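Here the working numbering is used: position 64 in the sequence shown is 64, and no number is missing along the way. The beta carbon of each residue, even a glycine, is placed where N, CA and C say it ideally should be. Predicted model, so just to flag it, every value in this text is computed and none were measured.
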Amino acid sequence: MKRRGSLMASAGIIASVLSLAFVLLTIQARAQSVLDAKCTGETDVPWSEQIVGCSKAIESGKFAGKDLAKALIFRGKAYGQTGDIDRCLADIEEAVRLDPTNAFAVGARGDVYLVKKDYERALADYTKAAALDPNNALVFIGRGIVYIATEDLDRAMADFEQAIRLQPALALGLYWRGIAKRLKGDAAAGEADIAAAKKIDPEVDQ
């Protein structure tokens, strides 16, 4: 019961991993060609309007390959932010098909599978994304959460440690390492990590 309760208390954090992964996708594509004035992948345009704007770009026939993949990623983000996880997944899957070596897209698909509790597919995508981009801390956090959900706490700890090595100031890495430590029975060390995470981001557990 202790493990299950801890996981239920932490369930809301999974969505933040999805959001953070999409932030990285946006940063990666920001310097590339403009798709549409209302297809930015950022909060400057309401998500409902971005769905329309990105759909226009996708259906225009002007974009192909990696540029089309970016439009699909941005629309997928908009769908995800409006709670339409199935359409979000469909767009990300198509983006991965168009740009299969895009580690951020593969990792984002893993995030969607994680939200859908399809842990086997999430694990496969995170592992592939880690191979494509071993410096992406969020990939290791996502995979670590999968390991927690499947009660493989030693592998979870290893992934959170790697995420912290890559990005020491990332609150999510400290937070989830704290959760893993608590689940392994080291409550004091777990609380210390969680407190450190909240100093960086007071809303890390929201």
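Which complete alpha helix (DSSP H) runs does the stretch 31-92 hold, if anything under 4 residues is left out? 47-59, 65-81
For the alpha helix (DSSP H) holding Gly-178, just list the boundary residues, first then last. Looking up residue 178 in the sequence shown gives position 178. Run containing Gly-178: 171-183, per the alpha helix (DSSP H) assignment.
By Cβ distance, which residues of its chain are closer than 6 Å to Asp-133, with the 5 residues on each side in sequence left out? Mapped onto the sequence shown, residue 133 falls at position 133. Excluding positions up to five away in sequence, the list reads Ala-103.
How far does the alpha helix (DSSP H) with Glu-161 in it reach, from first residue to last? What you label residue 161 is simply residue 161 of the sequence shown in a count that begins at 1. Membership of Glu-161 in the alpha helix (DSSP H) is indicated by the continuous run 153-166.
Asn-135: buried (16+ other C-beta within 10 angstroms of its C-beta) or exposed? Residue numbering aside, residue 135 sits at position 135 when the sequence shown is read from its first letter. Per the 10 Å Cβ criterion, exposed.
Taking the alpha carbon of Ala-156 as the point to measure from, which residue in Tyr-147, Asp-111, Ile-164, Ser-48 has its own alpha carbon closest? Taking the sequence shown and counting its residues from 1, the one referred to as residue 156 is at position 156. Put simply, of Tyr-147, Asp-111, Ile-164, Ser-48 the residue whose alpha carbon is nearest the alpha carbon of Ala-156 is Tyr-147.
Compare the Cα-Cα distances from Ala-95 to each of Lys-128, Glu-120, Ala-64, Lys-116 and report the closest residue. As a working mapping, residue 95 is identified with position 95 in the sequence shown. Cα-wise, what sits closest to Ala-95 is Ala-64.
Which value, in whole angstroms, describes the spacing of the CA atoms of Val-52 and Arg-121? Taking the first residue of the sequence shown as 1, we reach residue 52 at position 52. Taking the first residue of the sequence shown as 1, we reach residue 121 at position 121. Our two residues, Val-52 and Arg-121, have alpha carbons roughly 29 Å apart in a direct line.
Can you confirm whether Ala-169, when its beta carbon is compared against all beta carbons of chain D, has any partner nearer than 9 Å? No chain D appears in the structure shown, which is made up of a single protein chain.
Could you spell out where the alpha helix (DSSP H) holding Glu-120 opens and where it closes? Taking the first residue of the sequence shown as position 1, residue 120 is located at position 120. Where Glu-120 is concerned, the enclosing alpha helix (DSSP H) stretches over 119-132.
From what residue to what residue does the alpha helix (DSSP H) around Lys-199 run? Residue numbering aside, residue 199 sits at position 199 when the sequence shown is read from its first letter. Lys-199: member of the alpha helix (DSSP H) spanning 187-200, first to last residue.
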